[in-house]
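See below for the structure under consideration.
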Amino acid sequence: MNATYDHLVAIVIVVALFIGTVVAVPATMSFNISQSVDQQQMRNTALNLFNAILQGTGSPLNWGSKFPFDQNSVLTFGLASSSPFSSYILDSDKVQRLDPQSPGYINYSYVKDLLKMQGYGFQFSLFRPFKVAHNIQFTGQSTVQVSVNVTRTEDGAPIPGSTVKTTIIVTASKANSDEPIFIIDEMPSKYTDLQGRCQILESVNLPTGYTLQRAVAILHITVTGMETMVVASKDESVIEYLKINTFGDDITLTMRGEYMGSPPGATWVERVFAYDLQTLITLYDGSGENADKINNGYGYDYWTGSFPGLSTIDPAILVLVLSVPNPRRLVVVAGPLSFGNQDKIFEFGGNPTANILTTMRRLVIISGMTYVSELLMWKE
Numbered sequence: 012m013n014a015t016y017d018h019l020v021a022i023v024i025v026v027a028l029f030i031g032t033v034v035a036v037p038a039t040m041s042f043n044i045s046q047s048v049d050q051q052q053m054r055n056t057a058l059n060l061f062n063a064i065l066q067g068t069g070s071p072l073n074w075g076s077k078f079p080f081d082q083n084s085v086l087t088f089g090l091a092s093s094s095p096f097s098s099y100i101l102d103s104d105k106v107q108r109l110d111p112q113s114p115g116y117i118n119y120s121y122v123k124d125l126l127k128m129q130g131y132g133f134q135f136s137l138f139r140p141f142k143v144a145h146n147i148q149f150t151g152q153s154t155v156q157v158s159v160n161v162t163r164t165e166d167g168a169p170i171p172g173s174t175v176k177t178t179i180i181v182t183a184s185k186a187n188s189d190e191p192i193f194i195i196d197e198m199p200s201k202y203t204d205l206q207g208r209c210q211i212l213e214s215v216n217l218p219t220g221y222t223l224q225r226a227v228a229i230l231h232i233t234v235t236g237m238e239t240m241v242v243a244s245k246d247e248s249v250i251e252y253l254k255i256n257t258f259g260d261d262i263t264l265t266m267r268g269e270y271m272g273s274p275p276g277a278t279w280v281e282r283v284f285a286y287d288l289q290t291l292i293t294l295y296d297g298s299g300e301n302a303d304k305i306n307n308g309y310g311y312d313y314w315t316g317s318f319p320g321l322s323t324i325d326p327a328i329l330v331l332v333l334s335v336p337n338p339r340r341l342v343v344v345a346g347p348l349s350f351g352n353q354d355k356i357f358e359f360g361g362n363p364t365a366n367i368l369t370t371m372r373r374l375v376i377i378s379g380m381t382y383v384s385e386l387l388m389w390k391e
């Protein structure tokens, strides 16, 4: 009797365990399925957001090209060019409006509202498609030496066979003279070796009595059809002396406060060039009049010039030669995007939380150059 009872009890326990297991398994499966659905919904939300940013033109179509800029005039948000053949080609003016240092800036919270992203945070960034390290030096009295190293972003592996086209701009001065000069030399293309390196040497033909002061090298680098620009400077402190922005056919220059001088003096626009991936095109010769003066005085704290057809050319880079004070000298600046040797060009959006739910990347084109766009998204 006891054995039979024990046997029945054992059966009851086994059945109970089986039922519990049968019930527990669907609960676990239900949790996993729910989690998987949530993750897929997050990916879909991120993909829709990324597509809205990269493939949407926004409204009005030219919302980034109006100066003065008012973000309240933007009805829908998107960075795509309005060209009918513009898949993943971004409008440079619209991208510039994401820069808080631009004289026309659309803020993150307003963009979130336009994109209906309440409850989520995101950060949008642009990177170069590969790394470019550089060094520029004077050797002797009149020779400029530029060393370039092109590597993969992912692991630092060298990229041999990269095409490096170099335009060198030097400034020179003469003792007891207040008339510095600049000289431009466009060099034949060179190619990186097995270590991803190449070296450019240029002997500058200086007038009698002049010595080299500063040098800037515009490096146009192509890797398997992807192009990027880097500006190497002998004087890194002045490469971003002015903030350069475009609004359609207009160029706007804004002085950075730390370069105003002490005491402040006038900065003069001497020359404006556009680089169209082939050569430097002269857009403007300075007049020497007050219209080309920038300082911290009322009415002179920024400079703007209109150049019909500029937006059609859509230059990869703008290069300016400026005459700056304290002491009086010539400097070369470039823009509108950052052309230093950093990998990240800029970022826009919130500060990512520790729990980033989705990361997406996509190659895009801006003014003929290739960038890696990245989207981080998280729940708030």
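FYI, our numbering numbers position 141 of the sequence shown as 152, with every residue one higher than the one before it.
Even for Gly, the Cβ is constructed at its ideal location relative to N, Cα and C.
With H, G and I counted as helix, E and B as strand and the rest as coil, what does DSSP make of residue i?
| i | result |
| --- | --- |
| G172 | coil |
| K185 | strand |
| T56 | helix |
| Q152 | coil |
| F359 | strand |
| F4 | Coverage of the chain is limited to positions 12 through 391, which leaves residue 4 absent and any answer about it impossible. |
| S214 | strand |
| V122 | helix |
| A277 | coil |
| Q129 | coil |
| G75 | helix |
| A63 | helix |
| A91 | strand |
| S84 | helix |
| Y16 | Only weak support exists for where Y16 lies, its pLDDT of 45 falling under 50; the value from the coordinates is given anyway. Of the three classes helix, strand and coil, the one that applies to Y16 here is helix, per DSSP. |
| Q134 | strand |
| D110 | coil |
| N306 | coil |
| N160 | strand |
Tell me the rounded alpha-carbon separation between residue i and residue j.
| i | j | result |
| --- | --- | --- |
| L291 | A285 | 6 Å |
| P338 | Y252 | 15 Å |
| V175 | S76 | 32 Å |
| A63 | T87 | 10 Å |
| I170 | T233 | 11 Å |
| V283 | D196 | 16 Å |
| F149 | P363 | 43 Å |
| S244 | L294 | 22 Å |
| F350 | I180 | 15 Å |
| Y119 | G360 | 5 Å |
| N59 | M380 | 25 Å |
| P37 | L125 | With a pLDDT of 49 at P37, under the threshold of 50, the predicted position of this residue should be treated as unreliable, though the coordinate-derived value follows. Taking the straight line from one Cα to the other gives about 41 Å. |
| K254 | D49 | 43 Å |
Kindly indicate the opening and closing residues of the beta strand (DSSP E) around residue i.
| i | result |
| --- | --- |
| K390 | M380 to K390 |
| S200 | Looking at the DSSP string, S200 is not in any beta strand (DSSP E), and its letter there is neither H nor E. |
| Q107 | Note, Q107: premise wrong, no beta strand (DSSP E); alpha helix (DSSP H) at S103 to Q107. |
| D261 | D261 to M266 |
| F258 | L253 to F258 |
| I292 | L291 to D296 |
| V234 | Y221 to V234 |
| L331 | I328 to V335 |
| R340 | R340 to G346 |
| Y313 | Y313 to S317 |
| L374 | T369 to I377 |
| Y243 | At residue 243 the sequence reads Ala, which differs from the Tyr that was named. A243 -> beta strand (DSSP E) spans M237 to S244. |
If we count the other Cβ atoms within 10 Å of its Cβ and call it buried at 16 or more, is residue i buried or exposed?
| i | result |
| --- | --- |
| A186 | exposed |
| K142 | buried |
| Q107 | buried |
| N216 | exposed |
| V375 | buried |
| P326 | buried |
| E300 | exposed |
| Y202 | exposed |
| F96 | exposed |
| T162 | buried |
| P191 | buried |
| K127 | exposed |
| P218 | exposed |
| P347 | buried |
Taking 8 Å as the cut-off, decide whether the C-beta atoms of residue i and residue j are in contact.
| i | j | result |
| --- | --- | --- |
| A183 | T222 | yes |
| S103 | S378 | yes |
| G132 | E391 | yes |
| T369 | E385 | no |
| N146 | R208 | no |
| I328 | A302 | no |
| L333 | W279 | yes |
| P114 | N256 | yes |
| T263 | F78 | yes |
| V330 | I229 | yes |
| D261 | T323 | no |
| E281 | L212 | no |
| P111 | Y382 | no |
| L101 | L90 | yes |
The alpha helix (DSSP H) with residue i in it runs from where to where?
| i | result |
| --- | --- |
| T323 | L321 to I324 |
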